[in-house]
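Shown next, in structure tokens, is the structure this report addresses.
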Amino acid sequence: MSRSSSSERDAQLLDVGKQCSAASCLTVDFLPFRCQHCNLSFCGEHYVPELHNCSKYDASKYNRIAPSCPLCNTPVAVPPGQDPNIRMEAHISSECSVMTGKSQKKSTPVCARAKCGKVLFAPIRCDKCNQQFCPQHRFSATHACVPTGSKAGGSAASRPFADIQARTATASSAAVSAIQRAMASTTSTSSSSFPTAVDLARPPPLAKSSSSSSSASSMPNPFSQTDR
């Protein structure tokens, strides 16, 4: 193998990777790392900004740690460019639960079932009691569900329908009572026009015909003085 072929092969291999941009390093890395601040390529030993003395890296801007409150032990976020002491004084005077007496807010929700206390990264809300639970206690039978008035909006929306139903029930009851009164009056009228059982038990009166009265008057009476 000639020297020209070996040099060409070395040149092709050098084109695959990149040389480390650190001044004190001449390593050719086939999988280099790119710095997100200066956009230069570095090897595995110099890709950290502190190790290659990155000129565009500001430690006070990117490497910030939120100090904890000495009273309530809550991390206090400090905006960039603000003095941490001033931000801590503002937290103690207006946000600290020990100084203000306010209940400390939890950053993540916890399962509402008693004695569970699981942190809910994907909380499941119950439709009846409107509380958040873990997947194990999401059913109403597993967390002693007590329905609350969370559906006040739905009841207010259904209130016109309830009024219509009440008015319809009142009108229907009035119509039924009117029909009953009409039936009662009809029954009393029909009972007065037809004979009752007592009337049917009485014997019919004897009718006196005119012929019998005339015959009785034409026959002579032997005991009468006028007929003698």
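For the sequence shown, the UniProt record's numbering begins at 1 and goes up steadily by one. Positions of the beta carbon are idealized from the N, C-alpha and C atoms, including for glycine.
- Assigned with DSSP and collapsed to three states, Ser97 falls in helix.
- Leu26 and Asp58 have their alpha carbons spaced roughly 26 Å apart.
- Residue state for Ser140 is assigned as coil, using DSSP reduced to three classes.
- Just so you know, the alpha carbons of Ser55 and Leu40 end up roughly 11 Å apart.
- Classified as exposed, Lys61 has fewer than 16 neighbouring CB atoms from the shown chains inside 10 Å of its CB.
- By the Cβ-count criterion, Lys115 is exposed, with fewer than 16 other Cβ atoms from all chains shown falling within 10 Å of its own Cβ.
- By DSSP's assignment, Lys18 forms a beta bridge with Asp29.
- In chain order, Val28 place their CB closer than 6 Å to the CB of Gln19, counting only its own chain and leaving out the 5 sequence neighbours on each side.
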